[in-house]
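A short write-up of the structure that comes next.
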Amino acid sequence: MRSISSTTIISACIATATLLSASVGTLAISATASAESTSTNTAITLNDLADSSSAQQRWISEPTSRIALNPSHSQTDDAKPTSDDSLDTVFYTNQDKKTADNVVRNSFTDTAQASTTATAYDEGDATPALSDDFGPSDEGSWTATNGKGSISFVDNAGIVAPSGGDTWVGFGRSVTFDAAAKPIIMVTVASTTGKWALKINDGSSDTNLQNDTDATGTFAYDLSDFGISGSKAYTIKIFSSNSGTTTFKSLSIHARPAQSDDFTQTSIKDWMTNVQSNNGATISQADSGLGATIRSTSSSNFGAVAKAFTVDLSKTPILTVAVNSLSAGSKWALKLSGANGSGDFAIIQNDTDRSGVFSYDLQSMTGKTGEQTFSVKLFSTQSALPTSFNVTRLSFHSIDYWTQNPTDYVNTWNPQSLDWKGSYGDSGSYSTQDLFVDDATVSRLIDPTSLSDGNPTLTGNFTGTVSWNPTDRVLTINNGDAYTRAVAFPASATVSFYDSQADASMGADGSSTPTATSQTWLAIMPNDQKSAIGLGYAYDTTAQARTDAAKSAVGGTKVDTVVAALASRVKEWSEFLNKVPAVGDYSLHVTDYQGTSQSEIRAMYYRAFVDLRQTVVPPQPESGISHYQVATGKAATYNGGSSRNKASASWDSLLGIDYLAYTDPEYAWDSFIGMMADVQSDGNLNGESLPSRKAQTAWMLYSVTGDKDKLRQVYSAVKAHMTWSSKNLAWNIASHYPGSGVPASDERDLEFVASLAVDLGYASKIAATLGETEDVSYFTDVQKNLSSEFSQWFFKDGKAVQYYWTSKADATYDQRKGSAQYVATGLHMPNLSSGEVAALMTRFDEEYDPSQQFAGLASDAVKAPDIQFVAYGLLEQGKATEAETVLEEVLRDVVRTHEFSEVYQAGATDSSGKQAEPISRGESPTTFGMAQVIDNLWILNGYRSDEGTPTFVRLREAQGGVSGLTYMGKTFSISNSGSEITLSGDVTSIPGTCTQYGQTVAVSYPISFTCGTIALSGTSVEAGKSLVVTGARYTPSTVADLYLGDLRIASATVDKNGAVRFNAVIPSDTATGRHTLRIQNGDITAQAQFDVTASRPGSGGGNSGGGTSNGGKTNAAGGKVSEPKAGQATDASAGASVHTGGSAVSPMLWMLGIALSIIGAGGTIAMRQYRMAIK
């Protein structure tokens, strides 16, 4: 049931009595306790949250920084631990997210110089027969063989041109090698204005490897295909023809790689188009006949094809791919996915417009070793459409590493840093830590203490316009992406630059300064002292931005500064953990743990709060607004929010704001104010239209902080948006009609309608609080109308459905039924009829199964706001067993995924009946997953935060409590004994605060302010004598009255501390027996009973105020009775059952009435207030 107002005690108590029997049931699942090696009741520490598991998250940030470390690159790619601790970053600029990948990576070298000069063009062959990059040293090796012309060597390229009237010319180079051992000739042609050709001469005749072609790119030829073998002197001939000039970039003769694909007509058929993210993309033979063209015409601006490979990543970890001929505006990308082309699990190359030969160390980038089967997925991306590129070679091969991967490694996530330790056999190990030195500076701190020889060797990638300052040893990088980043190195590091990561790994062709083709830096760090590499960031690309970024980076190399920053971060996050409301019980009572534990649930809970704080994005004033954002996921890809809050979905982010308010109310309020500032004049919040939770968030923020000024500040925007939402009751992107021709504007979605109806209730509360009485009526009327339309739209022939389309009133049940989970959110809808509840429960029961993951509700997907509404609705409909089961099982299975994701899904069941682990889907990391963990645990421990006003609910098996909560700026805690909930803390200083709730299972009890305390100086007294009566928690500086039964016998002024004292004379004609004394102060009351032992002769015995208790008390709403000792202060508390004399009686309704009673001699008439107990 919905929580009840103190002004509707009679009807609320009737509903409570009805629910009392409905809430009792037999649980279908018996709980299996998990073994705990450590207590979950001790104070949390950073060490408790440190995660070295393979499922750990790898992102961190700071709420005041635009930078996040290790962001996700797609909805299916949440950053994972890697052997080289590769670091990616994202920077927020003008409401956009700019990523940089492989910014810094760890490796090791045991020699100061590489022992090989193999390049990517040699496909991993450490001893190629020829590796010619047409540099100065190769100039004398090429001689004319055919025709007239010239070959010149410029910038590591051989430029061949005919002359003297000839239209073609050839040049040759003699190489002695074994064609069986080194059968691959690979040539890279950068450009041609005519055509080019390639031949080989074995001393007797020429063999055409490549006839005249104008194709450019990298092409490989296997001599065995041409019948060439044997060890001898061969002449390799390159030609430029058709009167054109041809630029040759490289020519290599090397061993055959483990696997390769030259994209012939035959091999192209092995590439799949029925894959995830295909979007209609095609692959076909290139026009030149060499390689393939991948083309996309999708309006999504990307399309992909894929091919499955089985590769031993321990032996052949390098993937090399040759790409060229991108169409105007096109980019390409590469991912790894499952063998069928679905389930992307690694971004290997983000969108790039570069052509050339690219090599990637898949073992380092994925952390996978041994034989693996996966798909290589190639994307054509960007616009203008169509987009395309050519790919001519793909191979897997080994590498003769100069830089070494660790033999063993451990990654550890901490709130304050990302840690790594790598071992290198007999050479020992070294460790690194990534941390925020300040908002613009990230450092990788390197500790080589455990190395006996060799050096930590770090690398990093870069693209764009760069500048190198050898004095400050800082590389400044500008990608034209509205921000600048810089990398700085200490004086103790030896730095060099390479064309690729693979070249750097082999130590091939390095230079002391970056060249036009450099894309990777390598730094050999000292092995006898700590050192640090600094990463600096700045908004904009101006000279000042470059200066600022460089300065930040240089500061990040100073070890003393970095160590001090780490200590500061440890202090910051330790203090933050102390602010997080502490949960008393992390155990599961009604379901099995299925591999998780109380400790894991506890860690996930605190990590949810850490991630909430870290997902805050600071103001980006360049976008025209200076407010923080609680991003949907700071490290996620989502960027579809309103124009000045693009990272914030107006659903996901609101749930994050709701819970961040308990630890960081300033960020929470500012984020909400900033979001509502984007509400337009018509009430629309531009961006993705999502179910309304805006009024609820405003009310929760006000309830937590008590800041009425901020509530008033957002009120007009909230009201305008409520009005707009009442006319836009579905997702604004597309209709869910299973066909065409139905626009989104025609759709009515139960999930949207229920969410808005509930939100209108919060809007009414806000209007009442702000004195906007006309708006209270307006919101109430809209809610009533919506409830009526809800009944008309979503009950097809008595069956509950998710969809209704105004233009398709004849749609069938199957077209309209939707998901049972989304339909069940309607259980939280106000003003439901019994028939509607029954229909909704029928749909819920279709999928509800406590023996399945997520209680059977995740065959498709579940997400936090829907599960919240389902759980609240089950409680409100008296389904306590189902509510507790859903809350526990969803919590358990979210924890099992180890991720805070947008949606979750049950794992697939194989033919043997074994079910895979639960799946996280959609955006990740996001506030939905964080909110799910927090909200479920709070409800299970007795606290409902969704009402804003503190509300308490006791489930049948749950115990525990929550401490460190806040209401109206005052802290409070609750303890849940399993039979009642007790409130304590600063909030009890509010006059009349009741402290005991939850006597009836599954009933939601709002905080009540009708309870004072009362203490008597004795438990018995003679008539005509006096008792001292004291009380507390009354309204200061007001008058309180003391009643004997219904007779007012004294009045007193409450002091400034809320205390009151009466010296009460018991009237001499009071009958002997049990009587009640009651303090009344406005709505605040408390009462206690005592015995009159002697009275005036003839007065007789009897009771005043009724009852047979021995000093207990109740309040006007029928509160829980304590059993105080004589003279002990007692506390009246709201509740649904009353205990008198130690035995329980049925729930009571207390009605307030006025009666005239003639009291005393002379017929004096007094107003007597009495209460009637209805049993």
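Residue numbering for the sequence shown is -35 to -1, 1 to 1140, as defined by mature numbering (1 follows the signal peptide of the UniProt record, and there is no 0).
Backbone N, C-alpha and C define an ideal beta-carbon position, used for all residues, glycine too.
Trp385: member of the beta strand (DSSP E) spanning Leu383 to Ser388, first to last residue.
Around the beta carbon of Glu27, 16 or more other beta carbons lie within 10 angstroms, which makes this residue buried. 8 Å or more divides the Cβ of Asp399 from the Cβ of Ser388. Between the segment 60 to 68 and the segment 419 to 439, the count of Cβ pairs shorter than 8 Å is three or higher; the stretches touch.
When DSSP states are grouped into helix, strand and coil, Lys761 belongs to the strand group. Contiguous alpha helix (DSSP H) elements confined to the segment 646 to 718 occur at 659 to 670 and 673 to 690, taking only those with 4 or more residues.
Secondary structure note for Ser533: its alpha helix (DSSP H) is the uninterrupted segment Val524 to Lys544.
Annotation for Arg781: the continuous alpha helix (DSSP H) segment containing it runs Tyr778 to Arg781. Taking 8 Å as the cut-off, the beta carbon of Phe865 is found closer than this to the beta carbon of Ala573. The continuous beta strand (DSSP E) containing Phe401 extends over residues Ser394 to Asp403. Taking C-beta atoms as the reference points, Leu751 and Ser691 count as a pair closer than 8 Å. Look at Val1004 here: in three-state DSSP terms it is strand. For Ala514 against Thr441, the beta-carbon gap comes to about 6 Å, under 8 Å, which counts as contact. Between the alpha carbons of Ser772 and Ala547 lies a gap of roughly 51 Å.
Check the Cα spacing between Ser608 and each of Phe462, Asn651 and Leu11: the tightest is with Asn651.
In the DSSP assignment, the residues bridged to Glu336 are Asp277.
In this chain, the beta strand (DSSP E) harbouring Met151 covers Ile149 to Thr157. Counting C-beta pairs closer than 8 Å gives three or more between the segment 257 to 277 and the segment 336 to 343, which meets the contact rule. With a beta-carbon spacing of about 5 Å, Thr891 and Glu867 fall inside the 8 Å limit used to define contacts. Within 10 angstroms of the beta-carbon of Asn35 lie 16 or more other beta-carbons, which makes it buried. Under the three-pair Cβ rule at 8 Å, the segment 198 to 208 counts as touching the segment 156 to 175. Of the candidates Ile904, Tyr769, Pro1032 and Ala997, Ile904 places its Cα closest to the Cα of Tyr970. Gly963 counts as buried, since at least 16 other C-beta atoms from the protein chains shown sit within 10 angstroms of its C-beta.
For the pair of segments examined, the segment 904 to 918 was found to touch the segment 932 to 948: the number of CB pairs separated by less than 8 Å reaches three. The alpha carbon of Lys749 has as its nearest neighbour, out of His863, Asn6 and Val718, the alpha carbon of Val718. For the alpha helix (DSSP H) assignment, the uninterrupted runs of no fewer than 4 residues enclosed by the segment 814 to 866 are, from N- to C-terminal side, 829 to 841 and 845 to 862. Boundaries of the beta strand (DSSP E) harbouring Trp297: Ser295 to Ser302, taken from the DSSP string. The beta carbons of Pro46 and Gly332 sit about 6 Å from each other, so the pair counts as a contact at 8 Å.
Annotated three-state conformation of Ile955 is coil, per DSSP.
In the DSSP assignment, Ala126 falls within the unbroken beta strand (DSSP E) covering Gly123 to Pro127. DSSP places Phe310 in the coil class of the three-state scheme, outside both helix and strand.
Relative to the Cα of Phe354, the nearest Cα in the group Leu255, Asp97, Leu1012 and Leu856 belongs to Leu255. Within its own chain, the residues whose Cβ lies closer than 7 Å to the Cβ of Ser824, once the five positions on either side in sequence are excluded, are Glu812 and Ala871, listed in chain order.
Shown here, Asp474 sits in coil according to DSSP, grouped into three states, outside any helix or strand.
By the Cβ-count criterion, Gln494 is exposed, with fewer than 16 other Cβ atoms from all chains shown falling within 10 Å of its own Cβ. Of the other Cβ atoms in all chains shown, fewer than 16 fall within 10 Å of the Cβ of Pro703; this residue is therefore exposed.
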